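Let me begin by presenting the structure, written as structure tokens, before commenting on it.
Residue numbers (my numbering): 535 to 656.
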């Protein structure tokens, strides 16, 4: 139960961070996910380990898979594990993609100006 609360808190922190001035907005973070994945797999982005990317991939597979560790037929418990994975996955993706956008915006990485969006994510 405490793990699920911690995952929810991480999601809330990521959401609050998006509202800060200068921080990447939701759309900017979502658009950055494919570049983040490419950067991690190619080894050009040092801010995230390939193992964490693999865990995120497993999280997606778990959510779309018809096989559950705790079946959805079990009242409440079967849905709570899926929700916990969802919270972790969304919180991790928002946090990691935000850090990636900040890294990308650093002058030494030479990101073209047209790839940099406004802080509101537009």
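Glycine included, every Cβ here is placed at the ideal spot set by N, Cα and C. In this text the structure is predicted, and so the values were computed from the model without any measurement.
If we ignore side chains and look at the alpha-carbon of each, how far apart do residue i and residue j end up?
{"i": "residue 600", "j": "residue 634", "result": "32 Å"}
{"i": "residue 617", "j": "residue 576", "result": "31 Å"}
{"i": "residue 592", "j": "residue 642", "result": "33 Å"}
{"i": "residue 596", "j": "residue 588", "result": "12 Å"}
{"i": "residue 573", "j": "residue 630", "result": "12 Å"}
{"i": "residue 570", "j": "residue 620", "result": "19 Å"}
{"i": "residue 640", "j": "residue 594", "result": "30 Å"}
{"i": "residue 580", "j": "residue 637", "result": "10 Å"}
Is residue i helix, strand or coil by DSSP?
{"i": "residue 569", "result": "helix"}
{"i": "residue 631", "result": "helix"}
{"i": "residue 639", "result": "coil"}
{"i": "residue 599", "result": "coil"}
{"i": "residue 593", "result": "helix"}
Within this structure, are the beta carbons of residue i and residue j separated by less than 8 Å?
{"i": "residue 632", "j": "residue 563", "result": "yes"}
{"i": "residue 623", "j": "residue 590", "result": "yes"}
Buried or exposed: which applies to residue i, given that a residue is buried once 16 or more other Cβ atoms fall within 10 Å of its Cβ?
{"i": "residue 583", "result": "exposed"}
With respect to 7 Å, is the separation between the Cβ of residue i and the closest non-hydrogen atom of the ligand ADP below this value?
{"i": "residue 595", "result": "No copy of the ligand ADP appears in this structure; indeed no ligand is present at all."}
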